[in-house]
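Undergrad: Those letters in the sequence shown? Residues 6 to 462, per my numbering, in order.
Positions of the beta carbon are idealized from the N, C-alpha and C atoms, including for glycine.
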Amino acid sequence: MDKHYLTPLFFPESIVVFAGRADDPASQTPHAVALNLALRAQRYSGTLRFADTHTSGTLADLAQTRADLAIIALPPQDVPAALEIACRIACRAALVVGSGMNADQAAELKRIARREGVQLMGPNSLGFQCPQLQLNASAAGPLAKAGSLALVSQSGALTSSMLDWASSNAVGFSSVVSLGPNTGVDIAQVLDFLASDARTQSIIVYLEGISSARRFMSALRSAATAKPVVVLKAGRKPAGNEAAQTHSGTIVGADDVFDAALRRAGAVRVRSFVELFSAAKCLASRYRPVGRRLAIVTNGGGPGVLAADWINEIDLHLGKLSAASVAALAPQLPALASMSDLIDVSEDAGPEHYKAAIEAAGRDAGIDGVLAIHSPKAGIDAAMVARALVEVKRPMGKPLLSCWMGDASVGAARDILNEAAIPSFRTPEAAVGAFGNIATFYQNQLLLQQTPPPLST
């Protein structure tokens, strides 16, 4: 298969960096300092060279390298000259990291890139990460763990926050792309690249606005046809909408229309940063529920009822064991266990009881996924219960989520679950919501066969 036209940008084999004089760090911009540290901290698998636009002979020397990607982190007034050099040494893509460039300056860079056929990401971007290449071409923080989840964000602050959260939740990424305003390569083009990227199994998007509704929805539909896509869009209400206004205003002003368009494209929309985190946990585990029936295994009635309430609230269905499953499971549980609706294994339940209950739910044809809730109990080792979930996860063949209530006494258990890629949540509602979002993705796939309505009248 032919390589995507953005491959030289996001999967380069060779890079040249323009980030100021190496012998004078004080002359470098803050973004250049962060970028230099990020690039040098990893063992990038390709060829990496640092250059200086003011050094005599630089152009002649660089002409021998023919780098795929030029990374530029310079003061705004110096960026055009560096981009011109990148074009003259036949770079096929350029990344401008930093901030402070106005619309006119950005337009000049786009003109240069367009004239030379160079794919330009930036200006005003935090850059990107490709963990599998050990490439951190960003000022967004340390390199993320490698994984199958892609993050595309129009907010540098959100990108940095997501990476910080992921580092403590064992969530890995195939790509992290932080776009800024006035960028050459836009979010539709990034989605088009990720749709065909074999390393990416699912995508999460933070969106503030778009310049072309038609192109964005086409790219989103293509991506969502191939893999789960979850979108968090800012500006749902008038005040936020004004803050996130785009150049054309397309889609941003009509939130209900945007909702309908997302469903028709096959993507799932979340409403908060918390929901985005929750969805990321499930997507990183590559869960693919075939239905909306979620069973609850719990050692406490209260948390189980809260989970059941939220199941009803978001239009899921409480998964229940069949009579045959109940009969087979009952002898394996404590005497006080109840299985009429919730699978309440009772407060005396230990690891072996959780294991038996989850295995029974996993075998039951009337259940599409299982949420295991554990509340701290004296005499019961929360970490051992977590290890029981790890044992049953692989043979189970259905989504398995967890909610370890409390904090101080369950930290080790959460670490075990995270390392095993079992999504772990602090509240029952968050866990149920995450399952609901992933289940909704597969429901939305049915809409892909329908003709989408116009985005605006």
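Could you please give the first and the last residue of the uninterrupted beta strand (DSSP E) stretch that includes S153?
TA: Residues A151 to S158.
Undergrad: I372 and R298 look like a contact to me (Cβ under 8 angstroms); what is the Cβ gap, rounded to whole Å?
TA: About 6 angstroms separates the two Cβ atoms, so the contact holds.
Undergrad: Go to F16, then tell me how far its beta strand (DSSP E) extends in each direction, as first and last residue.
TA: That residue, F16, is in no beta strand (DSSP E); it is neither H nor E in DSSP.
Undergrad: Quick one: give me the first and last residue of the alpha helix (DSSP H) that S166 is part of.
TA: Run containing S166: G161 to S172, per the alpha helix (DSSP H) assignment.
Undergrad: How long is the line joining the alpha carbons of L14 and A393, rounded to whole angstroms?
TA: The straight-line gap from Cα to Cα measures roughly 43 angstroms.
Undergrad: Quick check on E280: buried or exposed, where buried means 16 or more other Cβ atoms within 10 Å of its Cβ?
TA: Buried, by the Cβ-count rule.
Undergrad: May I ask you to report which of helix, strand or coil DSSP gives S253?
TA: With a pLDDT of only 34 at S253, under 50, the local geometry of the prediction cannot be trusted, and the value read off the model is given with reservation. Three-state result, S253: coil.
Undergrad: If we call anything under 9 angstroms between Cβ atoms a contact, is A99 one with A91?
TA: Against a cut-off of 9 angstroms, the Cβ pair of A91 and A99 comes out as a contact.
Undergrad: When the Cβ atoms of the stretch 197-213 are set against those of the stretch 265-285, are three or more pairs found closer than 8 angstroms?
TA: Segments in contact, yes.
Undergrad: Quick one: what's got a C-beta closer than 7 angstroms to I385's C-beta in the same chain, skipping five residues either side?
TA: So the list reads G355, once near-sequence residues are dropped.
Undergrad: Is W315 closer than 9 angstroms to P433 when the C-beta atoms are compared?
TA: For P433 and W315, yes; Cβs fall inside 9 angstroms.
Undergrad: In whole angstroms, what is the alpha-carbon distance linking S158 and N129?
TA: So the alpha carbons of these two residues sit roughly 13 angstroms apart.
Undergrad: Can the beta-carbon of V102 be found closer than 9 angstroms to that of L40?
TA: Yes, the Cβ-Cβ distance between V102 and L40 is below 9 angstroms.
Undergrad: Taking contact to mean at least 3 C-beta pairs separated by less than 8 angstroms, is the stretch 143-154 in contact with the stretch 42-55?
TA: With the cut-off at 8 angstroms, the stretch 143-154 and the stretch 42-55 touch.
Undergrad: Are the CB atoms of I427 and L406 nearer to each other than 9 angstroms?
TA: Yes, Cβ-Cβ distance for I427 and L406 is below 9 angstroms.
Undergrad: Between S50 and the rest of its own chain, which residues show a CB-CB distance below 7 angstroms, the 5 nearest in sequence each way excluded?
TA: Contacts found: L138 and Q139.
Undergrad: Give me the Cβ distance between G185 and G152, rounded to the nearest whole Å; I'm assuming they're in contact under 8 angstroms.
TA: No, G185 and G152 are not in contact; Cβ-Cβ is about 24 angstroms, not under 8 angstroms.
Undergrad: Run through the DSSP bridge pairs and tell me what A300 is partnered with.
TA: Answer is V375.
Undergrad: State the DSSP-derived secondary structure class of S50, mapped to helix, strand or coil.
TA: Coil.
Undergrad: Can you give me the start and stop residues for the alpha helix (DSSP H) that I209 sits inside?
TA: Where I209 is concerned, there is no enclosing alpha helix (DSSP H), although the beta strand (DSSP E) it sits in stretches over S207 to L212.
Undergrad: How many whole angstroms separate the CB atoms of V302 and I363, which I take to be in contact at a CB cut-off of 8 angstroms?
TA: Indeed, because the Cβ distance is near 6 angstroms, the residues count as touching under 8 angstroms.
Undergrad: Assuming L74 and Q194 make a contact with CB atoms under 8 angstroms, what is their CB distance in whole Å?
TA: Not confirmed; about 15 angstroms, so no contact.
Undergrad: Considering only residues of the same chain and omitting the five flanking positions on each side of G177, which have a CB-CB separation below 8 angstroms?
TA: Excluding positions up to five away in sequence, the list reads P136, A149, K150, A151, G152, S153, L154, A171 and A289.
Undergrad: Between which two residues does the alpha helix (DSSP H) holding P400 run?
TA: Element bounds for P400: A387 to M401.
Undergrad: What does the alpha-carbon distance come out to for the pair A366 and A387?
TA: Straight-line Cα distance between these residues: approximately 21 angstroms.
Undergrad: In terms of alpha-carbon separation, which member of G25, R54 and N107 lies closest to E18?
TA: When each option's Cα is compared against that of E18, the closest is R54.
Undergrad: Assuming contact is defined by CB atoms lying nearer than 9 angstroms, are L125 and G189 in contact in what I supplied?
TA: The answer is yes: Cβ separation under 9 angstroms.
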